[in-house]
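Residue numbers (the UniProt record's numbering): 1 to 187.
Presented below is the structure to which this report refers.
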């Protein structure tokens with residue numbers, strides 16, 4: 001198509017349209033349609049591919065209602081609370097007959113289009129979900145310390161030692177909680 005459009009835009013004469021279309025893999029009807037458009041508009045330009053209507057889109061009255069509920073409820077209430085409020089509103093008079101309550105994802109898309117969502121760019125990276133395991137057993141160990149409060153109020157630290165390859169629980173010890181030494185003031 002780009003070759004056809006470029007050829008028509010430059011105005012290169014094509015004497016045998018059928019042969020040119022066959023050599024370049026273009027349908028003849030498409031050729032004549034594009035040529036008529038170039039003649040009518042004077043030049044080739046890209047047109048929007050957006051549909052003229054989207055009947056399955058969220059109706060404007062519902063978008064207005066979602067935005068109003070977002071303003072009405074506390075700002076940190078999101079799609080779940082708005083969905084619950086819309087479910088409650090179905091029973092009230094004024095809700096159009098046969099209109100369904102939109103899904104949570106639809107409510108989030110509406111809020112996003114209206115710039116009412118708080119962006120939270122600090123997310124856990126996907127690579128952190130991948131489990132790390134050392135390739136050979138007994139070469140690397142994980143040592144974890146967890147504080148526990150006993151019944152008498154004393155605090156102890158449980159120290160677990162785990163083989164990083166086989167996940168074998170090698171040892172478990174407990175110690176009284178150690179406090180770091182206090183830094184001395186400079187003299």
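Positions of the beta carbon are idealized from the N, C-alpha and C atoms, including for glycine.
Item	Value
Contact set for residue 61: own chain, Cβ-Cβ below 8 Å, skip 5 residues either direction	96
Where residue 64 falls: helix, strand or coil (DSSP)	helix
Any 3 or more C-beta pairs closer than 8 Å across the region 76-90 and the region 34-51	no
Where residue 132 sits in the DSSP three-state scheme	coil
Meets three-Cβ-pair contact criterion under 8 Å: the region 128-144 and the region 107-119	no
Spatially closest choice to residue 101 from 178, 52, 31 and 90, by CA coordinates	90
Euclidean distance between Cα positions of residue 165 and residue 128	18 Å
Cβ-based burial, residue 24 [other Cβ within 10 Å; buried from 16]	exposed
The alpha helix (DSSP H) enclosing residue 207, as first and last residue numbers	Because the chain here runs from 1 to 187, residue 207 falls outside it and cannot be looked at.
Sufficient close CB pairs (3 or more, under 8 Å) joining the region 123-138 to the region 153-170	yes
Member of 172, 103, 110 and 186 whose CA lies at the smallest distance from the CA of residue 64	110
Alpha-carbon to alpha-carbon, residue 175 and residue 155	9 Å
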